[in-house]
Each structure stands twice: as structure tokens, then as C-alpha cells.
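K.L.:
Before I ask anything, let me first share the structure, which is written out below as C-alpha cells.
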Amino acid sequence: MEVRTEPTDKWVRGYVGETVVVDSRAALLFWDPLRPVPEYAFRREDVRTDLLRPAAAPTAGPHPFYPPHGPVAEWYDVVVGDRVVEHAAWVHPDPAISDRVVLSWRPGVLDRWLEEEEEVYVHPRDPHKRVEALLSSRHVVVSLEGVVLADSHSPVLLFETDLPTRYYLPRVDVRLDELTPSTNRSACPYKGFAEEYWSRPGVAEGDNIAWSYAAPFPAVARIKDRIAFYNELVDITLDGVPQPRPRSVFSKASNRPVE
Numbered sequence: 001m002e003v004r005t006e007p008t009d010k011w012v013r014g015y016v017g018e019t020v021v022v023d024s025r026a027a028l029l030f031w032d033p034l035r036p037v038p039e040y041a042f043r044r045e046d047v048r049t050d051l052l053r054p055a056a057a058p059t060a061g062p063h064p065f066y067p068p069h070g071p072v073a074e075w076y077d078v079v080v081g082d083r084v085v086e087h088a089a090w091v092h093p094d095p096a097i098s099d100r101v102v103l104s105w106r107p108g109v110l111d112r113w114l115e116e117e118e119e120v121y122v123h124p125r126d127p128h129k130r131v132e133a134l135l136s137s138r139h140v141v142v143s144l145e146g147v148v149l150a151d152s153h154s155p156v157l158l159f160e161t162d163l164p165t166r167y168y169l170p171r172v173d174v175r176l177d178e179l180t181p182s183t184n185r186s187a188c189p190y191k192g193f194a195e196e197y198w199s200r201p202g203v204a205e206g207d208n209i210a211w212s213y214a215a216p217f218p219a220v221a222r223i224k225d226r227i228a229f230y231n232e233l234v235d236i237t238l239d240g241v242p243q244p245r246p247r248s249v250f251s252k253a254s255n256r257p258v259e
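Residue numbering for the sequence shown follows UniProt numbering, starting at 1 and increasing by one per position.
So this is what it looks like as C-alpha cells:
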């Protein structure tokens, strides 16, 4: 399958420390068929190619959540002063972008990404994705293996293109005594940083099934301090009607962010 591409008018920059590694006003968004979110492919003239050092393919597999997931034509390290950032850049073999350079958004590689003057995390924002948080009075019950984990009449429903509706519930409506805090953390380019996660010990796929954002981005400020669950991993009853567990990119464990 070929990659899908789309030009963007955004001014995009990526940094290692204070050094600008890429500065582009002609970035190309692309969607690899093996990954549902976009990446940027940059013209070589927009990349500090003097900082790129050819590298052998990594011996270990890539981080399961971050690309590349398919073939790579060329690998590069980024060298800034005494700092060597291994496998920070690569060339995708698809003819649509094979003359461009892709730079990694994996944590610990480039330190900062900007779209215009706004810092962006995890991956470029998809221009075809919408995220909306709405107050609701619907009755949401969350359970797992017959144990009720949450029961609420005042959720915030978060609608995100191509993903199941998430139900963000007040903490007082969640049975935190039935959950165990974990050290997992994650980031989202649309919502911010989820710095609290909870698991349900002793249950298959019970790790990191719930999370919360303490300081979400302004567009979804209503989810602040509320708790949501992976619909894919728990049983949800909405207004008395049991909901089927949806299938999404997060149904696969390797696509669920783990730090």
C-alpha cells in the first residue's frame, strides 16, 4: 500500500537542545498505511543535513507506538556538538516521499517540535481530526468481569474522529478502591498530558485501563481531573443499554501508549 500525502501551510520546526534541525514552510504530511496518524516528510534543503550521519539499521525493534513500522531506505543519526541522537532520521522508500527526510517524534530524540509558535507533542496534528468535549447527563456505568468500576449521571463525552466516544467521569463516581494507580504516563497532541493511570490487577488486559488529565489543553478543558476508561477493554452501559466493546487502533496493546 502506498502512503497518502498532503501539503500543509504550517511552519514546522524541530529542535535538539537549542539547535534547529529542521525549519520548513513546505512540509508534507504523510499517512503510512501501517500507522493511523500522520508524520512529516521534509525537503532536504529544510533539514540541517550537515548534522545527519548515516547509520546502520537499529538492532532492536522500534518503540511499538512510534514509527517507522515499515521498510526504511536510509537511517541517520543526528549529531549536535557532543550529543549523538541515534536513529533520529530516516528515508521512507515510497516514491511519493523518498526524496525527503523524516525525523522522529519518539520521546528522547528531538527535544521540541513547533507548528508555527505552538509546541506540539507525540505526532503532527491531523487536519482531518476533530476533538470535542461536551457536558452530558447520560447514565454511564463501567464494569469489568462483573465488578462496577464507575457509575455516573454527569459525564463529559469526548468525541474524537475515528475513535470511540470516551466518557470522562467525575472522580467521585469512580470506584478508585477497585483500581490500582500505575506509573504510566502519556501525551496527546489534542488533549495534553495524562499523568495519572489506573489498572485492574489480576484481570487480563487490565493494565492502564483508565487515565486522567490534570491540565488538559484549553479546547478540551472540561475533562480536567475526570477519569476515562478504554471502551475497548471494559464493559460500558449507556442509559441502561449495554454497549459492544468497539474495535479501534487502541484495541491492540502495542498501540496503547506506555512510558
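Glycine residues also receive a C-beta, built at the ideal position from the N, C-alpha and C atoms. Since this is a predicted model, take the numbers as computed values, not measurements.
Using beta-carbon positions only, say whether A204 and R175 come within less than 9 Å of one another.
P.N.:
Locating residue 204 in the sequence shown gives position 204, counting from the first residue. Locating residue 175 in the sequence shown gives position 175, counting from the first residue. Result no, Cβ atoms of A204 and R175 do not sit closer than 9 Å.
K.L.:
Under DSSP, the beta strand (DSSP E) around H69 begins and ends at which residues?
P.N.:
Here residue 69 corresponds to residue number 69 of the sequence shown, with the count starting at 1. Premise fails: H69 is in no beta strand (DSSP E) and is neither H nor E.
K.L.:
Relative to the C-alpha of R125, which residue among V37, D225, P257, E2 is closest?
P.N.:
Indexing the sequence shown from 1 puts residue 125 at position 125. With distances taken between Cα atoms, R125 lies closest to V37.
K.L.:
Roughly how many angstroms separate the alpha carbons of Y40 and Y15, rounded to a whole number?
P.N.:
Position 40 of the sequence shown, counted from the first residue, corresponds to residue 40. Position 15 of the sequence shown, counted from the first residue, corresponds to residue 15. Looking at the two C-alpha atoms, the distance is approximately 14 Å.
K.L.:
Mind checking K191: buried by the 16 CB within 10 Å criterion, or exposed?
P.N.:
Locating residue 191 in the sequence shown gives position 191, where the first residue counts as 1. Buried, since its Cβ has 16 or more Cβ neighbours within 10 Å.
K.L.:
May I ask which residues mark the beginning and end of the beta strand (DSSP E) holding E195?
P.N.:
Working through the sequence shown from its first residue, we reach residue 195 at position 195. Its beta strand (DSSP E) spans residues 192-199.
K.L.:
If you check the beta carbons only, do S199 and L169 fall under 9 Å apart?
P.N.:
Here residue 199 is taken as the residue at index 199 of the sequence shown, counted from 1. Here residue 169 is taken as the residue at index 169 of the sequence shown, counted from 1. Not in contact: S199 and L169 (Cβ atoms no closer than 9 Å).
K.L.:
Is it a yes or a no for the segment 115-131 touching the segment 73-83, going by three-plus beta-carbon pairs under 8 Å?
P.N.:
Output reads no: the segment 73-83 does not touch the segment 115-131.
K.L.:
What's the gap between the Cα of R4 and the Cα of P67?
P.N.:
Within the sequence shown, numbered from 1, the residue matching residue 4 stands at position 4. Within the sequence shown, numbered from 1, the residue matching residue 67 stands at position 67. C-alpha separation (whole angstroms): 16 Å.
K.L.:
Can you tell me whether E178 is helix, strand or coil according to DSSP?
P.N.:
The residue labelled residue 178 in the question sits at position 178 within the sequence shown. In this structure, E178 counts as helix in the three-state DSSP scheme.
K.L.:
Rounding to the nearest angstrom, what Cα-Cα distance links D50 and V85 in this structure?
P.N.:
Within the sequence shown, residue 50 is the residue found at index 50, counting from 1. Within the sequence shown, residue 85 is the residue found at index 85, counting from 1. One C-alpha to the other measures close to 14 Å.
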